[in-house]
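Protein chains in written order, with the UniProt record's numbering: chain A, 1 to 145; chain B, 1 to 145. Using N, Cα and C, we set each Cβ at its ideal position, and we do this for glycine too. Keep in mind that this is a model prediction, so the values were computed, not measured.
Protein chains: 2
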Amino acid sequence: MRIGEVARQAGVSVRALRYYEEQDLLQAERSSGGQRQYPDSAVDRVHLIQQLFAAGLPSRSVREVLRCVYSGTVSPGLLDQLESERARISGRINELLAARDRLDGVIATTRNPPPECTHAQALDGPALSAAPSSTHRPAPRTTDR
Amino acid sequence: MRIGEVARQAGVSVRALRYYEEQDLLQAERSSGGQRQYPDSAVDRVHLIQQLFAAGLPSRSVREVLRCVYSGTVSPGLLDQLESERARISGRINELLAARDRLDGVIATTRNPPPECTHAQALDGPALSAAPSSTHRPAPRTTDR
DNA sequence: CTAAAACCTGACGTTGGCGTGAGGTGCAAG
DNA sequence: CTTGCACCTCACGCCAACGTCAGGTTTTAG
Numbered sequence: 001m002r003i004g005e006v007a008r009q010a011g012v013s014v015r016a017l018r019y020y021e022e023q024d025l026l027q028a029e030r031s032s033g034g035q036r037q038y039p040d041s042a043v044d045r046v047h048l049i050q051q052l053f054a055a056g057l058p059s060r061s062v063r064e065v066l067r068c069v070y071s072g073t074v075s076p077g078l079l080d081q082l083e084s085e086r087a088r089i090s091g092r093i094n095e096l097l098a099a100r101d102r103l104d105g106v107i108a109t110t111r112n113p114p115p116e117c118t119h120a121q122a123l124d125g126p127a128l129s130a131a132p133s134s135t136h137r138p139a140p141r142t143t144d145r
Numbered sequence: 001m002r003i004g005e006v007a008r009q010a011g012v013s014v015r016a017l018r019y020y021e022e023q024d025l026l027q028a029e030r031s032s033g034g035q036r037q038y039p040d041s042a043v044d045r046v047h048l049i050q051q052l053f054a055a056g057l058p059s060r061s062v063r064e065v066l067r068c069v070y071s072g073t074v075s076p077g078l079l080d081q082l083e084s085e086r087a088r089i090s091g092r093i094n095e096l097l098a099a100r101d102r103l104d105g106v107i108a109t110t111r112n113p114p115p116e117c118t119h120a121q122a123l124d125g126p127a128l129s130a131a132p133s134s135t136h137r138p139a140p141r142t143t144d145r
């Protein structure tokens, strides 16, 4: 399989695949003419890479995870690193949930403005239902299992 | 209130506050000597800005949201834009949930490697329980309400 | 055999939210 | 007055995952 086909099947750009090789995330054989040759499994591997990138892992971490998954060897300290990555992801999810709730408040306010805003404009504080609380959110619902 | 105090209370850098002004997200009066003067409400406003940035909104969108929230005026098309931002956030959350599940699979495999990997190394496909499916994930649980 | 895809290797550009000096000013205290 | 800290305005640096152009080679279709 050549690079263009892998790119199509995996839904990424050719440039991305070359970048993955440069970052040592995805190896390829070379044909006599110097062109990259991939096994079919490369497509799945690229999917995994994409998901890990989507999770916000840096390429260094992705590299280690890939080594672990595809070789069965466990480098020391990797587990701790994975756990901390997991924690970061959970934290990020909670951030996004909070932000989405906040945005929902704004949307609701926008959709039907409350009477207190119909006549009074340019309040110097946010008196809308989007309600920025003074110090700290109560951390409504978490997602950490 | 001067810039350093706002920065401390809001937990951001002075540089960030100046950047917000440059991006027209946070205005400030100036003292006779040219120093920025903020009302107390600026701290909450900065919190809101931070949350919107955390949600991945670009500064242009943040600017519009702020105008809406703090003035009560609804610019045309803003609602659609907010909805699409919300959708993006939800999509991002689902990506992260999927990635976290994937990572959990890797972690489980790492913690106690399955027998099939104890003797066979260098499988050309991922036969581990992290299990990259061939084409498309079934989109397990969504978070869009 | 030839033209057109598809591929190759550099190498520079992009994007955003700031970090980080450099070099100068405002302001309250001693 | 002068020390010293907080503040000011440029303006370049950064990081990551590629996009993109340039200029040349390999492979494939006819």
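{"Item": "CB-CB length for B/L96 against A/I89, believed under 8 angstroms", "Value": "6 angstroms"}
{"Item": "Sequence-distant residues of the same chain with beta carbon closer than 8 angstroms to A/V69, five excluded per side", "Value": "L48"}
{"Item": "CB contact check: A/A99 to chain B, cutoff 8 angstroms", "Value": "yes"}
{"Item": "Secondary structure of residue 171 of chain A, DSSP reduced to three states", "Value": "Residue 171 of chain A cannot be examined here, being either before or after the span of chain A that is shown, 1 to 145."}
{"Item": "According to DSSP, residues forming a beta bridge with A/E29", "Value": "A/Q37"}
{"Item": "For A/G11, the nearest candidate out of A/Q51, A/E85 and A/I93 (CA to CA)", "Value": "A/Q51"}
{"Item": "Chain A contact residues for B/V65, given Cβ-Cβ distances below 7 angstroms", "Value": "V106"}
{"Item": "Of the listed residues B/E29, B/P76 and B/R111, nearest to A/P76 (C-alpha basis)", "Value": "B/R111"}
{"Item": "Under 8 angstroms between C-beta atoms of A/R45 and A/R2", "Value": "no"}
{"Item": "Secondary structure of A/T110, DSSP reduced to three states", "Value": "helix"}
{"Item": "B/A54 and A/A99 closer than 8 angstroms at C-beta", "Value": "yes"}
{"Item": "Chain B contact for A/V74 (CB, 8 angstroms cutoff)", "Value": "yes"}
{"Item": "Interface flag, A/V69 vs chain B, CB-CB below 8 angstroms", "Value": "yes"}
{"Item": "Test: A/E5 CB closer than 8 angstroms to a CB of chain B", "Value": "no"}
{"Item": "Straight-line gap, B/D101 to B/G34 (C-alpha atoms, nearest Å)", "Value": "52 angstroms"}
{"Item": "Assigned exposure category for B/A87 - 16 Cβ within 10 Å defines buried", "Value": "exposed"}
{"Item": "Continuous alpha helix (DSSP H) assignments of at least 4 residues falling wholly in the region 38 to 107 of chain B", "Value": "42 to 54 and 59 to 71"}
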